[in-house]
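**Student:** Quick one: this structure, given as structure tokens, is what I'll be asking you about.
Residue numbers (full-length UniProt numbering): 1 to 484.
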């Protein structure tokens with residue numbers, strides 16, 4: 001080139017360096033200079049209202065617990081002689097997990113069985129005595145019938161002898177009969193009278209004997225009842241001893257797995273008013289519950305069957321799912337903080353979750369799709385100076401000295417009132433009243449107000465922004481506006 005003719009290469013290089021620096025300085029001046037149209041833009045950071053999905057949730061922590069935990073204790077005092085289950089041992093209902101010393105109870109059982117056998121033998125003796133007494137009574141009753149017949153015969157013979165004597169007396173008075181015949185008839189009357197008296201005496205004796213035999217039968221029957229009652233008593237005593245003997249075998253009441261063992265071999269168990277706990281058995285770890293502590297401010301958002309996601313420290317890269325089963329009505333107050341317990345049901349088919357783990361929960365309380373939303377930073381922004389309120393804001397405003405007559409329930413149904421700021425035509429912040437609904441912590445739903453999709457709202461002060469409380473640093477270098 002003619003321009004560089006006669007110029008050394010070194011000067012040529014310096015020339016191009018100066019040209020590049022001059023162009024860079026000119027570009028920087030035009031880019032960074034605070035001129036009218038974008039001066040306000042550089043003072044604030046902006047974001048656009050858009051449409052998207054908002055998933056509202058409540059975050060909490062909780063502890064994993066078995067759905068059913070059974071404390072296995074001992075109702076009997078004694079020394080542990082055998083332990084048949086340990087930590088993590090699967091057990092079935094009725095399975096023996098430990099045994100206590102039982103020889104002393106077996107001796108008591110043998111003695112009780114002997115006492116019962118003696119009582120049963122005594123009962124058999126009483127039954128034989130009853131049979132004997134009843135046989136004697138039956139014989140006495142048969143004799144009574146025979147004596148009655150003999151008495152009737154003696155009475156008939158006495159009456160016949162008396163008639164014969166009267167007839168002989170009449171004949172003798174007429175001097176027809178013989179004196180010897182009369183005397184013989186008189187003797188016969190006396191004999192038959194004595195026979196009748198003897199028969200009646202035997203009947204009286206038989207009646208007395210019958211009464212005695214009936215008493216013997218009643219006494220024998222009472223003895224039998226006493227013997228049978230004694231048998232029942234000794235059977236009950238034997239059964240009680242057998243129950244104690246069965247209790248020396250500590251059995252699992254449910255199907256499950258042993259999660260805790262509180263006894264050692266040779267340890268003496270003392271059962272008093274409350275049974276000591278020997279094992280803790282979780283019924284089924286394929287289903288597990290989370291007891292989550294929910295703040296009183298969030299408890300009203302929880303409902304049964306809401307979806308829950310959570311993580312545990314053991315698997316930080318894995319997410320688990322659950323469902324809200326219930327919120328317990330009982331509250332806990334710790335250092336003036338009121339919380340409620342929510343029970344979260346979880347399927348644990350692979351047994352990855354263990355009792356006692358801490359769960360970091362996210363309970364999905366609301367999910368709304370394709371809603372108008374703004375960043376939460378827009379709701380937090382406040383300018384340092386009073387600003388005008390947008391005329392197209394449709395949210396209700398209260399005038400000084402007047403109260404809104406809109407029912408509180410209607411406002412509650414339409415969310416809560418809020419205010420965001422956007423840039424007016426002159427570049428100054430302008431307040432826009434809105435009503436907001438669900439939030440996911442980053443974005444908040446706009447129910448109604450003076451915003452539409454695509455509107456830019458102020459989310460913070462820019463590098464030149466002195467309007468946000470605190471302003472910009474003196475001498476800070478201006479930066480171009482950022483959109484996010």
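Glycine included, each C-beta is placed from N, C-alpha and C at the ideal position.
Being a predicted model, the structure only gives us computed values, none of them experimental.
Comparing alpha-carbon positions, which option in 156, 191, 283 lies nearest residue 88?
**Tutor:** 283
**Student:** Quick check on DSSP: helix, strand or coil for residue 501?
**Tutor:** Given that the chain is displayed from residue 1 to residue 484, the structure contains no residue 501 and the question cannot be resolved.
**Student:** Within 8 angstroms, do at least three Cβ pairs link the region 347–361 to the region 297–315?
**Tutor:** yes
**Student:** So, is residue 196 buried or exposed, given that buried needs 16 or more other C-beta atoms within 10 angstroms?
**Tutor:** Residue 196 is buried by the Cβ-count criterion.
**Student:** So, at 6 angstroms on beta carbons, what are the nonlocal neighbours of residue 169 in its own chain, with the 5 sequence-adjacent residues on each side left out?
**Tutor:** none
**Student:** With distances taken between CB atoms, is the gap from residue 344 to residue 322 smaller than 9 angstroms?
**Tutor:** yes
**Student:** Excluding sequence positions up to five away, which residues of its chain have a Cβ less than 6 angstroms from the Cβ of residue 307?
**Tutor:** Hits under 6 angstroms: 364.
**Student:** Output the boundary residues of the beta strand (DSSP E) element that contains residue 107.
**Tutor:** Residue 107 -> not in any beta strand (DSSP E); alpha helix (DSSP H) instead, spanning 103–173.
**Student:** Please state the DSSP three-state secondary structure of residue 311.
**Tutor:** Residue 311: strand per DSSP, three-state reduction.
**Student:** So, helix, strand or coil for residue 289, using DSSP?
**Tutor:** Looking at residue 289 - three-state DSSP - the assignment turns out to be strand.
**Student:** Does the distance from the CB of residue 446 to the CB of residue 460 come in under 9 angstroms?
**Tutor:** no
**Student:** Mind pulling the beta strand (DSSP E) runs of 3 or more residues that sit fully within the region 427–451?
**Tutor:** If we require 3 residues or more, the beta strand (DSSP E) runs fully inside the region 427–451 come out as 429–439, 443–449.
**Student:** Let me know if residue 17 comes out buried or exposed under the rule of 16 or more other beta-carbons within 10 Å of its beta-carbon.
**Tutor:** By the beta-carbon neighbour count (other beta carbons within 10 angstroms, threshold 16), residue 17 is exposed.
**Student:** Taking its Cβ as the centre, do 16 or more other Cβ atoms sit within 10 Å of residue 132, making it buried, or is it exposed?
**Tutor:** exposed
**Student:** Using the DSSP secondary-structure output, state which residues sit across from residue 260 in a beta bridge.
**Tutor:** 280
**Student:** Can you give, in chain order, each stretch of the beta strand (DSSP E) that sits fully within the region 222–268 and has at least 3 residues?
**Tutor:** Those beta strand (DSSP E) runs which fall completely within the region 222–268 and span 3+ residues are 249–251, 256–261.
**Student:** Just confirm the distance between the C-beta atoms of residue 116 and residue 206, as a whole number of angstroms; I'd bet it's less than 8 angstroms.
**Tutor:** Contact annotation, residue 116 with residue 206: C-beta distance approximately 42 angstroms; criterion of less than 8 angstroms not satisfied.
**Student:** Is there at least one non-hydrogen atom of the ligand SAH closer than 8 angstroms to the beta-carbon of residue 336?
**Tutor:** No copy of the ligand SAH appears in this structure; indeed no ligand is present at all.
**Student:** Count the CB pairs spanning the region 246–258 and the region 87–105 that are closer than 8 angstroms, and state whether there are at least three.
**Tutor:** yes
**Student:** Between residue 269 and residue 84, how many whole angstroms is the CB-CB distance? I'm expecting something under 8 angstroms.
**Tutor:** Wrong, their Cβ atoms sit about 15 angstroms apart, outside the cutoff.
**Student:** Helix, strand or coil for residue 65 per DSSP?
**Tutor:** In the three-state reduction of the DSSP assignment, residue 65 falls in the strand class, which pools E and B.
**Student:** Can you have a look at residue 440 and say buried or exposed, based on whether 16 or more other CB atoms are within 10 angstroms of its CB?
**Tutor:** buried
**Student:** Please name the residue in 286, 328, 60, 387 whose C-alpha comes closest to that of residue 349.
**Tutor:** 286
**Student:** Is residue 76 helix, strand or coil when you go by DSSP?
**Tutor:** Note: residue 76 maps to coil in three-state DSSP.
**Student:** Shorter than 9 angstroms from the beta carbon of residue 45 to some beta carbon of chain D?
**Tutor:** Protein chain content of the structure displayed is limited to a single chain, and chain D is not contained in it.
**Student:** Would you call the region 124–131 in contact with the region 220–230, where contact means no fewer than 3 C-beta pairs closer than 8 angstroms?
**Tutor:** yes
**Student:** By the 10 Å Cβ neighbour count, where 16 or more other Cβ atoms means buried, how is residue 160 classified, buried or exposed?
**Tutor:** exposed
**Student:** When you compare only the Cα positions, how much space is there between residue 211 and residue 111?
**Tutor:** 42 angstroms
**Student:** In the structure shown, what three-state DSSP assignment does residue 381 receive?
**Tutor:** coil
**Student:** Going by beta-carbon coordinates alone, are residue 301 and residue 366 separated by less than 9 angstroms?
**Tutor:** yes
**Student:** Whose C-alpha, out of 432, 428, 427, 425, is nearest the C-alpha of residue 419?
**Tutor:** Considering only alpha carbons, the answer is 432.
**Student:** Any idea what DSSP makes of residue 332, helix, strand or coil?
**Tutor:** strand
**Student:** Leaving out the 5 sequence neighbours to the left and right, which residues in its chain are closer than 7 angstroms to residue 67 when beta-carbon positions are compared?
**Tutor:** 283, 284, 287, 288, 289
**Student:** Are the Cβ atoms of residue 97 and residue 279 separated by less than 9 angstroms?
**Tutor:** yes
**Student:** Evaluate residue 43 with the Cβ neighbour count: other Cβ atoms within 10 Å of its Cβ, from every protein chain shown; 16 or more gives buried, anything less gives exposed.
**Tutor:** For residue 43, the number of other beta carbons within 10 angstroms of its own is at least 16, and it is reported as buried.
**Student:** When the Cα atoms are used, what is the spatial distance from residue 144 to residue 208?
**Tutor:** 11 angstroms
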